[in-house]
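Novice: Sharing a structure with you now.
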Amino acid sequence: VPVPAEYSVGEGYFYFNADMKFGVENESQLRMVSDFVTLLGRQTGFIPSIMIGSETADVRLKTVTSLPDEAYNLIVTSEKILIESAGDAGFFYALQSLRQLLRAGVVEGKKQNRTMEYKIPVMTVNDRPRFGYRGLMIDVSRYFMPKHNLLKIIDAASFLKINKIHLHLVDDNGWRLEIKKYPRLTQVGAWRVKRDEPFPNRRNQEEGEPVSVGGYYTQNDMREIIRFAALRQIEIIPEIEMPAHTNSSLAAYPELACPVVDRFIGVLPGIGGKNSEIVYCAGNDSVFSFLKDVIDEVSELFPSKYIHLGGDEASKVNWAKCPKCRARMEAEHIEHTEELQSYFMTRMSNYVRSKGKEVMGWDELTNSTLPEGAIIYGWQGFGKAALKAAAQGHRFIMTPARILYFIRYQGPQW
Numbered sequence: 001v002p003v004p005a006e007y008s009v010g011e012g013y014f015y016f017n018a019d020m021k022f023g024v025e026n027e028s029q030l031r032m033v034s035d036f037v038t039l040l041g042r043q044t045g046f047i048p049s050i051m052i053g054s055e056t057a058d059v060r061l062k063t064v065t066s067l068p069d070e071a072y073n074l075i076v077t078s079e080k081i082l083i084e085s086a087g088d089a090g091f092f093y094a095l096q097s098l099r100q101l102l103r104a105g106v107v108e109g110k111k112q113n114r115t116m117e118y119k120i121p122v123m124t125v126n127d128r129p130r131f132g133y134r135g136l137m138i139d140v141s142r143y144f145m146p147k148h149n150l151l152k153i154i155d156a157a158s159f160l161k162i163n164k165i166h167l168h169l170v171d172d173n174g175w176r177l178e179i180k181k182y183p184r185l186t187q188v189g190a191w192r193v194k195r196d197e198p199f200p201n202r203r204n205q206e207e208g209e210p211v212s213v214g215g216y217y218t219q220n221d222m223r224e225i226i227r228f229a230a231l232r233q234i235e236i237i238p239e240i241e242m243p244a245h246t247n248s249s250l251a252a253y254p255e256l257a258c259p260v261v262d263r264f265i266g267v268l269p270g271i272g273g274k275n276s277e278i279v280y281c282a283g284n285d286s287v288f289s290f291l292k293d294v295i296d297e298v299s300e301l302f303p304s305k306y307i308h309l310g311g312d313e314a315s316k317v318n319w320a321k322c323p324k325c326r327a328r329m330e331a332e333h334i335e336h337t338e339e340l341q342s343y344f345m346t347r348m349s350n351y352v353r354s355k356g357k358e359v360m361g362w363d364e365l366t367n368s369t370l371p372e373g374a375i376i377y378g379w380q381g382f383g384k385a386a387l388k389a390a391a392q393g394h395r396f397i398m399t400p401a402r403i404l405y406f407i408r409y410q411g412p413q414w
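Residues 1 to 414 (the numbering used here) make up the sequence shown, in order.
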C-alpha cells in the first residue's frame, strides 16, 4: 500500500549487506538516506556507508528533471539499485518503497545463533501518485493527542506516502494551539471537565466545576511538528473552526457570543446538547477582529498554503434572535441566515487570502454562496456536496464520513 503505478519483477535478488555503499548528489539527499540507513541499522544490525558524488555506489540517487513532481523510478538489478526522481519527494517515496520491499529471511542456524539475509527482488518500478492530495485528518480537539503520539502517526503516514496532515485544532471540546495575543484560549479553552460516560452522554460543565482533561500545543511544539513532518514530505494544514464548534474559545471569551445567550458557556465534554448551538456572533465586529488576530498568528506559524476554516454544522438559532445579527443582515441586505453564514465565511476567507493562503471548508458552505476560491471537503453522506461545489468551478476533496471516518464500523454498514 499504495500499489505502484507500474512495476515488473525479474529473476533474482539484490542483497543488502554491511559493505554496500549509498551514493547521493547533495546534502538534502544525504539527510534522507541517512534516515533510511539508520532505520535499516535497527532492522539489520548494520549501517551501510554514504558518499556524495559516487557513481559506483551499490545504491545510487540520480536527479532526472523530466519526471513529474513526486514521481520516481526504482531500478533494481542483482548488482545495483538506481533511484531516479526530479526532487526530494520522489526520492523519499522511493526509499519508502525500499523499506516496504525489504524482507528478512533465515539462511541457517538455530534460534539462538541464526543468520539472516536481507534482500529485495530484481524489479523495475515507475511510480507516480494518482492524487496530489493524499491526506489524513487528525482530530486533536475532541481528544487531545500529546506531541510524541502525533509525531509517531506522522512518521507512519509518511511510510504510506501520505503527503497532507489536516489538524483539527479547534472544536467545542478544546482549543489546542497557543495564540499569544489571546492566552485564555489555552488557559481556559484547552481544558474540560472529566466525564467517563460515552461521548454523546456526557453532561456539560457546570459553572465553577473544576476542569482537568485536555492540553494544547505551544507554538514551539507546533514548529517542531511542522519540521518533523516536512522532513517526511508532509504538509501540516491547520483548521481553525468557525463560526460553530467554538464553545472552547467562547468559554474563554464569552463576549464573542450573541448577547441573547443567557447560559454559562464552558468547554464541552461531549456533544453538548443545546450548548452546541452557541456560536460566534455574526453581528459583532469584535468577533472578526479576534479571528483576524488568530489568523495572523496561524498564517505566520504554518508554512502550508492552506488554512481550513471549518464552516460546518452552524446553528442559526441564536442568530435569528440576536439584535446584532439582525442589524448586520439589514445593513448587508441579507434575507436568510444561511446567507449570513456566507457573509461571515466570505469575510474571513478574504482575510485569509490577503495573507497569501488558500481557504478550505466543509461542505455546508455549499448551502449558500461559496467564498471565492474555497476548496470544499465533501464529508456528508457520500460526498455529493463536493460535486455540487465542483459544478460551480471549485476544487474539492472527497472525505465521505460513511466510508472514511474511523469512528465508523470498517465493514458492511448494517
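Every residue gets a Cβ at the ideal spot worked out from N, C-alpha and C, and that includes glycine.
Confirm, please, whether the CB-CB distance from V317 to E277 is below 8 Å.
Specialist: yes
Novice: Considering Cα atoms alone, identify which of P48, R227 and G272 is closest to T246.
Specialist: G272
Novice: Given P243, which residues of its chain have a CB within under 6 Å of its CB, disregarding the five upstream and five downstream residues?
Specialist: V279, Y280, A314 and F344
Novice: Keeping to the same chain, check which residues put their C-beta closer than 6 Å to that of H166; ignore five residues upstream and five downstream.
Specialist: G135, M137 and I237
Novice: Tell me which residues share the same chain as Y501 and place their Cβ nearer than 6 Å to its Cβ, disregarding the 5 neighbours each side in the sequence.
Specialist: Here the chain has residues from 1 to 414 only, and residue 501 is not among them.
Novice: So is V9 buried or exposed if we call it buried at 16+ other beta carbons inside 10 Å?
Specialist: exposed
Novice: Span of the alpha helix (DSSP H) holding R328?
Specialist: P323 to A331
Novice: As a quick exercise: from L231, A331 and R326, pick the residue whose alpha carbon is nearest that of F36.
Specialist: It is L231 whose Cα lies nearest to the Cα of F36.
Novice: So, W191 versus G214, is the Cβ gap smaller than 8 Å?
Specialist: yes
Novice: Using 10 angstroms around the beta-carbon of N160, count the other beta-carbons present and answer buried if the total reaches 16, otherwise exposed.
Specialist: It is Leu, not Asn, that sits at residue 160 in the sequence shown. Sixteen is the threshold: since fewer than 16 other Cβ atoms of the shown chains lie within 10 Å of the Cβ of L160, the residue is exposed.
Novice: Tell me whether the beta-carbon of Y306 lies closer than 8 Å to the beta-carbon of M360.
Specialist: yes
Novice: Who does L82 pair with in a DSSP beta bridge?
Specialist: R60 and I75
Novice: When DSSP labels each residue in this structure, what does T124 get in the three-state scheme?
Specialist: The answer is strand: DSSP assigns T124 an E or B state.
Novice: Suppose contacts are defined by Cβ-Cβ distances below 8 Å. Is I234 in contact with F302 by that definition?
Specialist: no
Novice: So, helix, strand or coil for L151, using DSSP?
Specialist: DSSP places L151 in the helix class (H, G or I) of the three-state scheme.
Novice: Does DSSP classify A18 as helix, strand or coil?
Specialist: coil
Novice: What does H166 pair with, by DSSP beta-bridge criteria?
Specialist: M137 and I237
Novice: Report yes if the CB atom of S248 is closer than 8 Å to the CB atom of G174, and no otherwise.
Specialist: yes
Novice: How about P48 and K21: are their beta carbons less than 8 Å apart?
Specialist: yes
Novice: Check whether the Cβ atoms of E297 and K180 lie closer than 8 Å to each other.
Specialist: yes
Novice: For R31, would you say it is in contact with chain D, using Cβ-to-Cβ distances shorter than 8 Å as the test?
Specialist: Within the model displayed, chain D is absent; a lone protein chain is all it includes.
Novice: In its own chain, which residues sit with a C-beta less than 7 Å from the C-beta of Y72, not counting the 5 before and 5 after it?
Specialist: I83, E84, S85, G90, F91, Y93, A94 and D127
Novice: Bridge partners of I50, per DSSP?
Specialist: In the DSSP output, where bridge partners are listed per residue, I50 has F22.
Novice: Is it buried or exposed, I157, if we count other Cβ atoms within 10 angstroms and call 16 or more buried?
Specialist: The question names Ile, yet the displayed sequence has Ala at residue 157. So A157 ends up on the buried side.
Novice: Does DSSP put E6 in a helix, in a strand, or in coil?
Specialist: Strand.
Novice: Which value, in whole angstroms, describes the spacing of the CA atoms of T450 and G87?
Specialist: What the structure shows of the chain is the stretch from 1 to 414, and residue 450 is not part of that stretch, so it cannot be assessed.
Novice: Is P254 near N204, with beta carbons less than 8 Å apart?
Specialist: By the CB criterion at 8 Å, P254 and N204 fall outside the cutoff.
Novice: Is the separation between the beta-carbon of L102 and that of F16 shorter than 8 Å?
Specialist: Yes, these two residues count as a Cβ contact at 8 Å.
Novice: Closest to E70 by CA distance: which of C322, F290, K274 and R130 is it?
Specialist: R130
Novice: On the DSSP letters alone, give me the boundaries of the alpha helix (DSSP H) that G41 sits inside.
Specialist: E27 to T44
Novice: Which residue comes first and which comes last in the beta strand (DSSP E) that contains V359?
Specialist: E358 to W362
Novice: Measure the C-alpha to C-alpha separation of A327 and A282 and round it to an integer number of angstroms.
Specialist: 10 Å
Novice: I'd like to confirm the pairing. Which residues does DSSP put opposite R103 in its beta bridges?
Specialist: K119
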